[in-house]
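Working notes, beginning with the structure itself.
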Amino acid sequence: MKKSASYIFLAILFVSLAIFIATPATAQVPQKAPATERIIWKRVPLEAAAQALSTREIDLYLFALRPKALQELAGKPGIKVYFAPSGLVDIGLNPAPVLLVNVPGVFNDKEALAERLGVHPLVIAYFEPQEDKTYVELCAKPLGGLPDDVEVVREAENVDINPFCFRDIRFNLNFVVDRDFIVKNVYAGYAIPKFALYGPDDPVYVELADVIAKYKFTYDPDRAKQAVQSVFEAIGAEMRDGTWYYNGKPVQVLGIIRVEDERLDIGRIFANELRNLGIQVQPLELTFGEAITKVYATDPFNFEWFFYTEGWGKGAIDKWDPGNLAFFGAAWLGWAPGWGVPDWWNYKNDTIDFYSMSTFLGRVNSKEQWIEYLRTGTDLAIQESIRIWIVAVLSGYATREDLQGVTVDLGAGLRSLFNFRAINIPGKDTLRVGHLWVWTARTVWNPLGGFDDVYSVDPMRATNDPGIWRHPFTGEVLPFRVSFDVETAGPEGKLDVPSDAIWWDAENDRWVYASELGRTQATSKVVFDYSRIVGSNWHHGQQITFADIIGYIAEILDIVYDPEKSQIEAAIAGPSRQIYDGFVAFRPLPEENKLEVYVNFWHFDPGYIADYAISGFNFLDNPFELIAAMDTLAFVEKLYALDETRARAENIPQLSLVIKEHVEDVRITLNDLKAQYDRYKGFFTLPDGTTLMSMEEWNRRIDAAISWIDRYGLAWISQGPFMLTSFDKDAQQLTLEAFRDPTYPMTVAESFFGIPETVSVLRVVSPLIAPGEPAKITVQVSGPEPLSVRFIIRDPATGEVVASDWATQTAPGVFTIELSAEITSKLAEFSAYELIVTAFSGQIALPDERVVILQTAAATRKIIQEEISGVEERISNVEERISGIEERISDIESSIENLRESLQQQFESRLEALREALGERVTTSIQELATGVSRSISDLSDTFTAGLRDVTEGLREVTGVTEELSNRIDAVSSRVEEVRSELASSIDKLSVAVEGKADKSDVQQLSDMITEVLTKAEEAGSTASTAMMVSIANLVLLLVAIALLVMRRGGG
Amino acid sequence: MSARGRIPRILAKRAILLSVALVVIMLLTAVILGATGYDEKILKAIVVTELQAYSQALRQQLKGSGEDIEKLIKEREQFLISYYGLDKPWWERVIPMAFNAMILNLGYSLSEEVANIAGLQPPVRVSDAILITLPRTIIMLTIAQLISIAIALPLAPFIAYRRGSIWDKLSISYAAFTNALPIWWLAIVAIYFVGFQLKIAPTSYRGVISYINRFWEDPFTSFINILYYAYLPIIVVVIGILGGWLYSVRAIAIRVVSEDYVFMAKAKGLPERQVIRHYVLRVIAGPAMTLIILGLAGSIGGFIITESVFDWPGIGLLYYAAITTGDSPTIIGLVYITTLVYIVARFILEVLYVILDPRVSL
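Chains A and B, in that order, give the protein sequences. Counting in my numbering, the first sequence runs from 1 upward without gaps. Counting in my numbering, the second sequence runs from 10001 upward without gaps.
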């Protein structure tokens, strides 16, 4: 009894302790995802979105809104709008030539070829020496005709000249686009000016900023006009009444302008600018269907279009994205005019193709080489300008104001996978999400060949956790539900593949040791840790096992490598084979929940190797029994296609796990599969005979899947935070219910990144720069660390980048740009330069860019210095002259003394002679006379000496005045320096004051005012110098006057 | 031959003429589509854009290892060219389509837009697309037409009878006003006030499809729900077209009410209702029937913009989708069906003319 009591006491104590310990611990348990209990997902047309949000029909609209709708929503109470770059707009140019010819003989020199053809070299767009002839493409038909022996390959009808064939003209058309105006007036500020195929909206811009800066095309139509004039005059065109004529006909182009959105305004603006250049424009304002018919479905050589207002959607954010160059700058992908259609004229540029291929296909040896190739390719593509880039469009995603847990993905906007896990409205368990569609003909819920549109992908991502994902702000590869380690010997080396690694034998439907197939070495190894997936449950309550992982991979490899399946689903097998040919082996480690993947792939970023190594099975979409049912329906019963190509070709439906009729067939198939364990056993049995799923488990899981289908009428069973519980394609509505299973590991916090903290250049404190002298510029930035600041000094007149480098961080958020004397010596005196300061954060892909005017003040200082030197030189000259005069006076004194002595001697000798001859009396008289003369000479000498003394005194006074003058000049100089410093300080203060408040024109105005003040200061300095000069001249005149006076006195 | 005995012959002659007209229309449609290169241009553009999208997806998917990409793109191009029939001259592609349509073999639509409207995966049987969308249009537009007719037919003769009265002036003004007023604009206003503000009608009408498609699973619930979804669109369309009906029927009736025999009936002191019923309505029945039957037949062509505003994917939007995507099978199918309905309506009219007015062609 006592013992029992003590047990009870201990038990109570233990429970109390447990409660005591557990209570605070429970409070600290992170909230499991998702943050809301239910999402009702429905179609809301774009035009009704604003109204639906205003009236709380929906809490969030997932489709990006156009600027007009955003303006409607701006300031509406209860509505919040988030922005993310979502699209690009450019003007595509048709660079086709008008005449293709073969010239006899092999020409390697353009000039010689032009002479042979009788045209200006500019007319030759392209030439290619061949065996015994040279193939030439001409931008204009020769005015004097072709030589008789030249063979015409092809000639454009009714077009004698294509202005956009000339590279110089294409490039200079960048100057007729006022991007700032378009951003402000056409996009109401919801856009970023885009000067080239990469811009601040691309993470890789950090490596390209200085290349792009060279081409920061300002609105300068005169420059474009000059370029057009230069080309047209050279080739023999003439200007009449503001229009260029070639071969007697006006130069005319046909522009295709899309009417559905802002491109209508952009196209019209561009057309007007072309007219101002003297090129006639026939605009065709068309809708999508009509426009693409003309642009993409015709040979550019037929000239059914000359320019087209293109628009592109932006995909997921990618830290190392070579796509823009490959797609928009190169020809090899078929995105340049000609579109890769074999019999059409196609734009080509082998050099750009090389650089874009190398970066796109990873044919590089190092990160440095990759960056260098991307830079060079981008530079060349800008020079080629087959597309004039206008803006990156910022799309707005609107939500109710009280919606919390929002993550703004810089690529996907609010469609980010993270949002579905973390968004919620406090006190509300159901969220209503609007999307443009819930179902379209392309919406197919099928992991093996479907999910081709956002309307299926978006809700699917709420129901399914990927292994790895991209960081919403940086585009870096991020472990999500699977962590990874990468080991690589690449790009050149190889790693040994362990002997127990396996590979799928598609012909015999079994896993075998990879070494048996000679798969013994690989470039890289990625170890994926599935601890947070294996052991948790599928939505239907069955546990996820390693059989699901291995089975899924086997199914994918089977579709790719099985001779029959790969033929049936060729559209899946073909492209996938390209990926899996790079795979060497898998090494499952079920005890550790790890999977080693060996691949022949290298990238300088290890995350990209992991991304490659998980291709195809990153989303572990469905339990294997469901995968097996899909396999049966597609390949055994052949009732459904997995991919739409097969569906179209065979007129059979593409399997979708949410369409009623398809789901019913899946259910029947699952039921049949209970007796087909052996058919799929090989998919999850390792070469050593270990079977990862027993028959009992197989049957149990199938029963669970059938129960699920019976309950919800849907066959989409997955493992993410939400379960798909209803789908009505006709009503365009689906429901997602939170998956509150205790084994589900993901938390809300793991999916919440919030709004990217903006990187901002707060202040740029730049003194007036003295060329040739070192200078420091202070930059203050804000944003999440690590921060870095890049600066570019650019001559706006020539576009030349004078200097480009990284600033040094001196304190948190403070950077110093050190300009060495060598750099500043490249700057012209008293000029204005653009200082482009770009701040980057390691945590956010979007940088902030600030352009400030960099003033050089060297001219002021130098001019004053020169003036002072001039005055000093003149003073020195005066001193030299005074010194000369003193010497001459001294000489005169000495001569006078000599003369006096000589006269004295002569008097005395003559006197002696006279005394001897005339007697004493006469001698005495003469003696008296001599004494008088001698006294007179002595007096004269004294007078002269006194006069000279006066002159010397005067000279001393002049020297004193000169010294004083010199001191005054120093004082003036010092004062000018003070004024300069004060002005610099005022500029800094003004810069600080206008930060964020003034626009470019204000800064320009201020700069002009400062320039004016400095000019006036200079004028004042110049006047002072003149006054000093006049004073010195007066002093010299005074000196001369004194000298003359003395001489006169001496003469008297 | 008696007059009665000549009727079948006359009707047979009319039927043959109308059938020839149908064949000519179908051939003309096919020639317009094919010879002008309309569908070919659009289909080629679709091939190019599909190839671009495929190429982009392929490059992104294949990352750094794609050696046979060109081959894959080429294969895809060949497939698309063959799929859209671009490997055949237009007459081999389009003319057989027209003839097949006439034996109700409408073929498959390849357009995703058409499939979207029908709510099916492509390729979609054109007959399925038409049969699925037709009831939606009938529920909204044909019913609205019927309601308008039901209001206008008895009302307009009374208005005509009181020519110059305030009712007459009001009806003319109403007709002029609604004629100038786009129905789609009225639809937007109605959705805004009745749907979003008063919340007594749906704001999204797509859901009606679900109930139409599954009507026979639970007819009563489906009917109630269809009614809920359809009442506002029907009211809007009735408001929009009623003026036209009133004006048209009034115009026919005015000619009749000024006839001597109507004055005579009035002079006899017959009650107004009786005069209208016996002396006006009976006389205008023929021309009014023409209006009614052609109006009803026309209603199955759908209202493109109004259907779009209500997000009500009927025949109008199907037409639009087919035309903008150059989907020849659907265009030909729709032209055939709507022409057939029109021709059948014309034939019915011919019969009715004969029945209602024995003077016709006898």
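Idealized CB from N, CA, C, for every residue including glycine. In this text the structure is predicted, and so the values were computed from the model without any measurement.
Would the segment 469-482 of chain A count as touching the segment 57-70 of chain A if we require 3 or more Cβ pairs under 8 Å?
Contact check between the segment 469-482 of chain A and the segment 57-70 of chain A: fewer than three CB pairs, one atom from each, fall below 8 Å, which does not count as touching.
Within this structure, are the beta carbons of D353 (chain A) and A330 (chain A) separated by less than 7 Å?
Residue mapping note: residue 353 (chain A) aligns to position 353 of the first sequence, counting from 1. Residue mapping note: residue 330 (chain A) aligns to position 330 of the first sequence, counting from 1. Their beta carbons are under 7 Å apart, which means D353 (chain A) touches A330 (chain A) by this criterion.
Would DSSP call M460 (chain A) helix, strand or coil?
As a working note, residue 460 (chain A) is residue 460 in the first sequence. Of the three classes helix, strand and coil, the one that applies to M460 (chain A) here is helix, per DSSP.
Hey, would you say T10036 (chain B) sits closer than 7 Å to Y296 (chain A), going by beta carbons?
Working through the second sequence from its first residue, we reach residue 10036 (chain B) at position 36. Working through the first sequence from its first residue, we reach residue 296 (chain A) at position 296. It is not a contact, given that the beta carbons lie outside the stated cut-off.
When Cβ atoms are compared, which residues of the segment 633-657 of chain A fall closer than 9 Å to chain B?
The residues in question are E644, T645, A647, R648, A649, N651, P653, Q654, S656.
Minimum C-alpha distance to R9967 (chain B) - residue among B:I10073, B:K10088, B:P10157, B:Y10108:
Residue numbering for chain B in the displayed model covers 10001 to 10362; residue 9967 (chain B) lies beyond these limits and cannot be assessed.
With a cut-off of 8 Å, do at least 3 Cβ pairs link the segment 301-320 of chain A to the segment 78-89 of chain A?
Short answer: they touch.
For chain B, check one thing: does any of its Cβ atoms lie closer than 7 Å to the Cβ of D728 (chain A)?
For the purposes of this step, residue 728 (chain A) is taken as the residue at position 728 of the first sequence. By this cut-off, D728 (chain A) is an interface position.
Would you call the segment 640-652 of chain A and the segment 515-528 of chain A in contact, with 3 or more CB pairs under 8 Å?
They do not touch, by the three-pair rule.
For a test of the three-state rule: what should DSSP assign to A10345 (chain B), helix, strand or coil?
Residue 10345 (chain B) sits at position 345 when you count from the first residue of the second sequence. Assignment of A10345 (chain B) by DSSP, reduced to helix, strand and coil, places it in the helix class.
Quick one: is A731 (chain A) near chain B, going by C-beta distance under 7 Å?
Residue 731 (chain A) sits at position 731 when you count from the first residue of the first sequence. Nearest CB-CB separation between A731 (chain A) and chain B: below the 7 Å threshold.
Could you list which residues in chain B have their beta carbon closer than 7 Å to that of I292 (chain A), in chain order?
Sequence index remark: in the first sequence, residue 292 (chain A) carries index 292 (1-based). Near I292 (chain A) (Cβ distances below 7 Å), the residues of chain B are A10045, T10049.
Answer yes or no: does any C-beta atom of chain A fall closer than 7 Å to that of K10088 (chain B)?
Against the second sequence, residue 10088 (chain B) aligns to sequence position 88. K10088 (chain B) does not count as touching chain A.
Where T55 (chain A) meets chain B, residues with beta-carbon distance less than 7 Å:
Along the first sequence, read from residue 1 onward, the residue named residue 55 (chain A) stands at position 55. Within chain B, the residues near T55 (chain A) are F10196.
Could you say if the segment 209-220 of chain A and the segment 423-441 of chain A meet the contact criterion of at least three C-beta pairs nearer than 8 Å?
No contact exists between the segment 209-220 of chain A and the segment 423-441 of chain A.
Once DSSP output is grouped into helix, strand and coil, what is the label at V658 (chain A)?
Taking the first residue of the first sequence as position 1, residue 658 (chain A) is located at position 658. For V658 (chain A), the secondary structure class from DSSP, reduced to helix, strand or coil, is coil.
At least 3 beta-carbon pairs within less than 8 Å: the segment 770-783 of chain A vs the segment 821-839 of chain A
Yes: at least three Cβ pairs fall under 8 Å.
Is the segment 342-359 of chain A touching the segment 224-242 of chain A in the sense that three or more CB pairs, one from each, lie closer than 8 Å?
Verdict: no, contact absent.
Across the segment 609-616 of chain A and the segment 668-688 of chain A, are there enough close Cβ pairs to call them in contact, namely three or more that are closer than 8 Å?
Inter-segment contact for the segment 609-616 of chain A and the segment 668-688 of chain A is absent: fewer than three beta-carbon pairs are separated by less than 8 Å.
Please go through the segment 10132-10217 of chain B and give each complete alpha helix (DSSP H) segment of 4 or more residues, from N-terminal end onward.
Listed in chain order, they are 10143-10161, 10166-10180, 10183-10190, 10207-10213.
Opening and closing residue of the beta strand (DSSP E) in which L517 (chain A) lies
Residue mapping note: residue 517 (chain A) aligns to position 517 of the first sequence, counting from 1. In the DSSP assignment, L517 (chain A) falls outside any beta strand (DSSP E) and carries neither an H nor an E.
Could you check where the alpha helix (DSSP H) with L53 (chain A) kicks off and where it finishes?
In the first sequence, residue 53 (chain A) corresponds to position 53, counting from 1. It spans 49-54 - the alpha helix (DSSP H) in which L53 (chain A) sits, taken as one unbroken run.
On a CA-only basis, which of A:G118, A:T856, A:V837 is nearest E829 (chain A)? Give me that one, please.
Translated into positions along the first sequence, residue 829 (chain A) becomes position 829. By alpha-carbon distance to E829 (chain A), the top candidate from A:G118, A:T856, A:V837 is A:T856.
Classify H540 (chain A) as helix, strand or coil using the three-state DSSP reduction.
In the first sequence, counting from the first residue as 1, residue 540 (chain A) sits at position 540. Correct three-state label for H540 (chain A): coil.
Between the segment 428-453 of chain A and chain B, which residues of the former have CB atoms less than 7 Å from a CB of the latter, in chain order?
Taking 7 Å as the Cβ-Cβ cut-off, the segment 428-453 of chain A approaches chain B at T440, A441, R442, given in chain order.
8 Å Cβ cut-off: residues of chain B touching R43 (chain A)
By one-based count along the first sequence, residue 43 (chain A) stands at place 43. Residues of chain B with a Cβ closer than 8 Å to the Cβ of R43 (chain A) are, in chain order, S10204, R10206, D10311.
Could you tell me how far apart the beta carbons of L10022 (chain B) and T10339 (chain B) are, in whole angstroms, since I believe they sit closer than 8 Å?
Here residue 10022 (chain B) refers to the residue found at position 22 when the second sequence is read from its first residue. Here residue 10339 (chain B) refers to the residue found at position 339 when the second sequence is read from its first residue. The Cβ separation is near 6 Å, so the contact holds.
So with CB distances below 8 Å, who are the chain A contacts of Y10108 (chain B)?
The residue given as residue 10108 (chain B) occupies position 108 in the second sequence. For Y10108 (chain B), the chain A residues whose Cβ falls inside 8 Å of its Cβ are N651, in order along the chain.
So which residues on chain A does A10297 (chain B) lean against when the C-beta distance must stay under 9 Å?
Position 297 of the second sequence, counted from the start, is the residue given in the question as residue 10297 (chain B). Under the 9 Å cutoff, chain A gives no residues; its nearest Cβ is about 27 Å from A10297 (chain B).
Classify P129 (chain A) as helix, strand or coil using the three-state DSSP reduction.
Numbered from 1 along the first sequence, position 129 holds the residue referred to as residue 129 (chain A). The three-state secondary structure of P129 (chain A), taken from DSSP, is strand.
Spell out whether any CB of chain B is found under 7 Å from the CB atom of Y513 (chain A).
As a working note, residue 513 (chain A) is residue 513 in the first sequence. Proximity of Y513 (chain A) to chain B, defined by a Cβ-Cβ separation below 7 Å, is not satisfied.
Is Q521 (chain A) helix, strand or coil when you go by DSSP?
Stepping through the first sequence from its first residue, residue 521 (chain A) is reached at position 521. Of the three classes helix, strand and coil, the one that applies to Q521 (chain A) here is strand, per DSSP.
Quick one: any contact between the segment 683-698 of chain A and the segment 549-568 of chain A, if contact means 3 or more CB pairs under 8 Å?
Per the Cβ contact rule, the segment 683-698 of chain A is in contact with the segment 549-568 of chain A (3 or more Cβ pairs under 8 Å).
Three-pair Cβ contact test at 8 Å for the segment 237-253 of chain A versus the segment 190-210 of chain A:
Counting Cβ pairs under 8 Å, fewer than three are found: no touch.
Cβ shell of A412 (chain A) (< 7 Å), same chain only, five flanking positions each side left out:
Numbered from 1 along the first sequence, position 412 holds the residue referred to as residue 412 (chain A). Excluding sequence neighbours, A412 (chain A) sits near A316.
With a cut-off of 8 Å on the beta carbons, I'd call D465 (chain A) and M746 (chain A) a contact; round off their distance for me.
Against the first sequence, residue 465 (chain A) aligns to sequence position 465. Against the first sequence, residue 746 (chain A) aligns to sequence position 746. The C-beta distance from D465 (chain A) to M746 (chain A) rounds to 6 Å, short enough to meet the 8 Å contact threshold.
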